[in-house]
Amino acid sequence: MADNPKSGDQGTVARDGVVVDSDTLPGGGDAGGHLTADRILAEFLYQGEALAYCCAAAGLRPADARAVSGPPDQWLRLP
Numbered sequence: 007m008a009d010n011p012k013s014g015d016q017g018t019v020a021r022d023g024v025v026v027d028s029d030t031l032p033g034g035g036d037a038g039g040h041l042t043a044d045r046i047l048a049e050f051l052y053q054g055e056a057l058a059y060c061c062a063a064a065g066l067r068p069a070d071a072r073a074v075s076g077p078p079d080q081w082l083r084l085p
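Mapping of the sequence shown onto this note's numbering: residues 7 to 85, in sequence order.
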């Protein structure tokens with residue numbers, strides 16, 4: 007997921023290294039006629055919750071909210 011100040015959250019969904027969806031608007035509430043019933047339900051359930059939408063789309067099930075709300079277990083400096 008990336009957050010673009012002009013257009014909002016954008017994302018690409020990959021499972022096991024294979025891109026299964028792209029140009030998504032995580033938690034954006036898009037329920038257009040091009041979506042399946044499952045996708046419309048997910049859009050409704052995660053509306054406004056981009057990180058939760060991304061976790062669900064990737065099949066991640068955090069044990070609790072700490073992974074999102076913190077505090078972090080460890081800080082890493084990236085090159």
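In this text, a Cβ means the ideal position worked out from N, Cα and C, and glycines have one as well.
When rounded, the separation of the alpha-carbon atoms in residue 26 and residue 83 is 30 Å. When C-alpha distances from residue 22 are compared across 80, 70, 63, 74, the shortest belongs to 63.
In the three-state scheme derived from DSSP, where H, G and I count as helix and E and B as strand, residue 64 is classed as coil.
Residue state for residue 44 is assigned as helix, using DSSP reduced to three classes. Between residue 43 and residue 52, the C-beta spacing is not below 7 Å. When only Cα atoms are considered, residue 46 and residue 40 end up about 9 Å apart.
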